[in-house]
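Numbering-wise, the sequence shown is residues 1226 to 1731 according to my numbering.
Here a beta-carbon is modelled for each residue, glycine too, at the ideal position from N, C-alpha and C.
Here is the structure we will look at, set down as structure tokens.
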Amino acid sequence: AAGASVAGGLVRLEFFAFDPLRVFYVNVDMPASAPIESTLARVQQAERAVRARLQEGEARALTSLAGVKFTDTEPLYGDAYGQVVVSLEPRRDNGRDVGEIVDALRKDIEQLPGAGKLSFTLLAGGPPVAKPIRVRVRNDDAAELRAAADAVLEIVRAVPGTKDVADDDVPGRPELRLRLDADAIRASGLNPGLVARLVRLHVDGEIVTQMRDQGEKVEVRVRAAPREARDVGRILDDPVALPANGASSTLGSLVRAETGIGKGVIKHYNLRRSITVEADIERERIDTVAANNAIRTGWEKVKGRYPATTLDFSGELDDIQESLDAMPMLFLLGVGLIYLILAAQFRSYWQPAMILATVPLAFTGVVFGLLASGNPLSLYTLYGVIALTGIAVNAAIVLIDAANTRRRQKMSVLHASVYAARRRVVPIIITSTTTIAGLFSLAVGLGGKSLIWGPVAASIVWGIGFSTVLTLFAMPLLYWALMPEHRSRRGAATAYNAGPPTHTGR
């Protein structure tokens, strides 16, 4: 029944169930050409809207920032970036947690009238630090890379339960692109190299020589006189002397100019240009693994349009895979050490295997505990199961040891197993109860619920509770069924009828 509950999806999977910090960000992304004054005004508008919608006693402090935006991995700087940092008071009885507050604010804040885009960022109180969905789109061709990233964005938005879908291909500042007009340059009597040098002299200047001033090397740069004009296109009106007849022209007549928005950032991953698509998920509707699998399935349908594009899945999925890969080794190591210790103690290869049969009984208790409490099956719960492995075998050890003692006193297997169960039931229950009592408050959250440590304690509490009761019935039956009667009698006769050893000499 426990296995069917997990396989049938009755137990909700949430690999990383973390406790969010009582802080969240309202991000403001303005158009690339927006001055910092406009960004600050937009951030302050968002701050006022958040203050008006928070309940009394929830906010500790709100701070508006312009020119910077903090993300999960790195800060971003620029006039178009802004952020409202919202710090909350500790949660009181019947108060809202961070997720509930953000869900209540999201619709109203994101639809505030004005330029730019508003979004939210929640800070995790534990691993992982990356978002549940993090897909790197890799391609060296900029046009195909952007088209492929747009396709991935549409796929991610189509997955049920995704939210805050965005990529890191942020626009930069407006730029003026100049292309040399070969025909105009030829007609003017100039050459392309000279025109390119003139453009450089008018904008950036050119180092023509070096000199020393008090022992320090100083580079001498020659450039046009700086101007205060805000319009970069005014450079096209600068005069250019022509070699014939002392005539002059302008830069604008020698080049073809076009304006556009430059790249805000150019990123590479494994030596190829990349755009990273990120998104959060509604963990009640979908888990990280299922969401990434859905994205892979959607990409398989459209990847033929982008033959040179590859996807790299990382983020929270990397942490999950790393933990899942390490967990079987940890479990096998723990079980192996337990088996070796028990084999040395009982001087048997078979009885330690019977004792380890209590481990599935403990996992049964964990599953039924998750069903009763409604908590998700997370990686922290599985770590609790690994810790539970060494605790759940205690009751079986006591029973097997008591039964072995009775068999050495020439009892039958059936008599020894029943006697051991009757005589050890009270010590076993007391031992299990004290362990459960010590972890009960953390498991049920009496002093404050924790999504990190609560599942660890809850898995141990439910596992010990179920395994203790089941062990009292299952272990005597296993002992009676799997320990042959004739072996016990021959062993008893050998141990107690042989008498002391006789020494005939040195």
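Query raised in the report: At what residue ranges does the region 1276 to 1303 contain a whole run of the beta strand (DSSP E), taking only runs of 3 or more?
Result: 1284 to 1295
Query - Cβ separation of L1702 and M1579, assumed to be a contact under 8 Å, to the nearest whole Å - result: Not a contact, Cβ separation roughly 10 Å.
Report task. Check the C-beta distance from V1638 over to R1632 and give it rounded, since I have them as a contact under 8 Å. Result -> 7 Å
Query raised in the report: Alpha carbon to alpha carbon, how far is Y1608 from G1397?
Result: 45 Å
Query - Sheet register partners of P1793 (DSSP bridge) - result: As displayed, the chain neither begins before 1226 nor continues past 1731, which places residue 1793 out of reach and without an answer.
Report task. From the DSSP output, in three-state form, read off P1237 for me. Result -> Note on residue identity: the sequence assigns Arg, not Pro, to residue 1237. R1237 falls in the coil class under three-state DSSP.
Query - Under the three-state DSSP convention, the category V1424 falls into - result: helix
Query raised in the report: Since L1549 contacts R1237 with CB under 8 Å, what's their CB separation in whole angstroms?
Result: With 8 Å as the limit, L1549 and R1237 do not qualify as a contact, their Cβ atoms being about 17 Å apart.
Report task. Quick one: measure Cβ to Cβ for I1563 and V1618, integer angstroms, because I've assumed they're closer than 8 Å. Result -> 6 Å
Query - Check whether L1290 and G1307 have beta carbons under 8 Å apart - result: yes
Requested in this report: In angstroms with no decimal places, state the Cα-to-Cα distance between A1466 and G1523.
Outcome: 59 Å
**Report entry** Rounded straight-line distance, which links the Cα of T1606 to that of T1484
**Finding:** 56 Å
Query - Backbone CA spacing between A1226 and L1555 [nearest angstrom] - result: 26 Å
Query - Selection from L1419, G1599, I1689, V1610 that minimises the alpha carbon distance to T1659 - result: I1689
Query - Rounded distance between the beta-carbons of A1620 and T1696, thought under 8 Å - result: 5 Å
**Report entry** Helix, strand or coil at P1701 [DSSP, three-state]
**Finding:** helix
Query raised in the report: According to the Cβ coordinates, are D1463 and L1479 closer than 8 Å?
Result: no
Query raised in the report: Residue range of the beta strand (DSSP E) that A1668 falls in?
Result: It is not in any beta strand (DSSP E) - A1668 instead sits in the alpha helix (DSSP H) that spans 1638 to 1669.
Query raised in the report: Could you check where the beta strand (DSSP E) with D1438 kicks off and where it finishes?
Result: 1431 to 1438
Query raised in the report: Using 8 Å as the threshold, is the region 1506 to 1521 in touch with the region 1330 to 1342, meaning 3 or more CB pairs across them?
Result: no
Query raised in the report: For D1408, which of helix, strand or coil comes out of DSSP?
Result: helix
Query raised in the report: So, is A1229 buried or exposed, given that buried needs 16 or more other C-beta atoms within 10 angstroms?
Result: exposed
Report task. Determine the contact status of V1420 and V1433, defining contact as a CB-CB distance below 8 Å. Result -> no
Report task. Reducing DSSP to helix, strand and coil, say where N1619 ends up. Result -> helix
Requested in this report: State the beta-bridge partners of Y1494 as determined by DSSP.
Outcome: R1497
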